[in-house]
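Student: Dropping a structure here in structure tokens format, bear with me for questions.
Below is the structure:
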């Protein structure tokens, strides 16, 4: 009997990770990597009770050895790794001058280098087995940078560039690298890091008003897995696609919109 393909989800215990694991369980053998062992083990029990194959792997974000051990566990358990999906961590928001150096360094190690390490380890395994797909998920601020997201926008823009470069580098390889950019969604309120209470309130309101949820976006990610691997960038949200087109083709209008938004935010800042 033909075995189901395998899927490894990093940060699999985030709201989006849990929704994605449940959506993928009917199609993949699912490995969930996270530092939240309580949630991860409970999620695996639920999947097992529903008759699905699932594996929890405890990892520390950004630790290259932990990522390697996780991939090795998947290969020992199922002898293959077909897809790895790197989910984003917390979204850092707030005025540029309020963002501390350690916050920038945290984003570099926990977001950027986490993606670098997982891609390098997965690529080695996938080339050896002769196939595989590496998918990086980023907030759409990596494409559509706006006010109060300077650190997050810069970090995720670097991941976008990394994916585009890697995808072209792997053109003649059996492995592909793809990117999916997601809008703010309701459950993201649980993953906000803000430099100040006002920025926290602004982005909590944005997530609360979003029409997107972890469940709907997990369905979008699953649909993306059925699309051609040659497509580097996927934008499942219609508003994100509209903004992306505006930025590409009507740059002055885009800049004017962002400047008006920035002025509106700055007018509400408390006096020092």
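Residue numbers (this note's numbering): 827 to 1098. Note that CB positions come from ideal geometry on N, CA and C, so glycine has one too.
Quick check: what's the CA-CA separation for residue 1021 versus residue 978?
Tutor: Each residue's alpha carbon lies about 12 Å from the other.
Student: Using a Cβ-Cβ cutoff of less than 6 Å, which residues in the same chain neighbour residue 855 once the five nearest sequence positions on both sides are dropped?
Tutor: Correct list, in chain order: 830, 832, 879, 904.
Student: For residue 848 and residue 1006, what's the separation of their Cα atoms in angstroms?
Tutor: Cα-Cα distance, rounded: 19 Å.
Student: Would you list, in sequence order, the uninterrupted alpha helix (DSSP H) runs of no fewer than 4 residues that lie entirely inside the region 928 to 991?
Tutor: Complete alpha helix (DSSP H) runs here, min 4: 939 to 955.
Student: Compare the C-beta of residue 850 with all C-beta atoms of chain B and state if any pair is closer than 8 Å.
Tutor: The structure shown has no chain B; it contains just one protein chain.
Student: Let me know the alpha helix (DSSP H) ranges lying completely inside the region 857 to 911, each 4 residues or longer, listed in chain order.
Tutor: Here the runs fully enclosed are 863 to 875, 890 to 904.
Student: In the DSSP assignment, what residue or residues form a beta bridge with residue 918?
Tutor: Partner(s): 1019.
Student: Would you say residue 963 and residue 897 are within 8 Å of each other, going by their C-beta atoms?
Tutor: Against a cut-off of 8 Å, the Cβ pair of residue 897 and residue 963 comes out as no contact.
Student: Compare the C-alpha of residue 909 against each of 917, 886, 958 and name the closest.
Tutor: It is 958.
Student: What distance in whole Å lies between the Cβ atoms of residue 1008 and residue 965, which are believed to be in contact at a cut-off of 8 Å?
Tutor: Contact holds; Cβ gap of about 6 Å.
Student: When the Cβ atoms of the region 927 to 939 are set against those of the region 978 to 990, are three or more pairs found closer than 8 Å?
Tutor: The region 927 to 939, when compared against the region 978 to 990, does touch it at the 8 Å Cβ threshold.
Student: Below 8 Å on the Cβ atoms is my guess for residue 884 versus residue 861; work out the distance and round it to an integer in Å.
Tutor: Right, their Cβ atoms sit about 7 Å apart.
Student: In three-state terms, what does DSSP make of residue 993?
Tutor: If DSSP states are grouped into helix, strand and coil, residue 993 belongs with the helices.
Student: In chain order, what residues of the same chain have a beta carbon less than 6 Å from the beta carbon of residue 973, not counting five sequence neighbours either side?
Tutor: Result list for residue 973: 1087, 1088, 1091, in chain order.
Student: What does the Cβ neighbour count give for residue 968, buried or exposed, with the cut at 16 atoms within 10 Å?
Tutor: Per the 10 Å Cβ criterion, buried.
Student: Could you check the C-alpha separation between residue 919 and residue 1083 for me, to the nearest Å?
Tutor: Using only the alpha carbons, I get a separation of about 19 Å.
Student: Express the C-alpha separation of residue 922 and residue 1019 in angstroms, rounding to a whole number.
Tutor: Going by the C-alpha atoms only, they are around 14 Å apart.
Student: Residues in the same chain with beta-carbon distance under 6 Å from residue 1080, minus the five sequence neighbours each way, listed in chain order, please.
Tutor: The answer, listed in chain order, is 1072, 1073.
Student: Would you please state the rounded distance, in angstroms, between the beta carbons of residue 1015 and residue 1033? I believe it to be under 8 Å.
Tutor: 4 Å between Cβ atoms; contact.
Student: With a CB to CB cut of under 6 Å and the five nearest residues on each side skipped, what residues in its chain are close to residue 892?
Tutor: Cβ within range, chain order: 885, 886.
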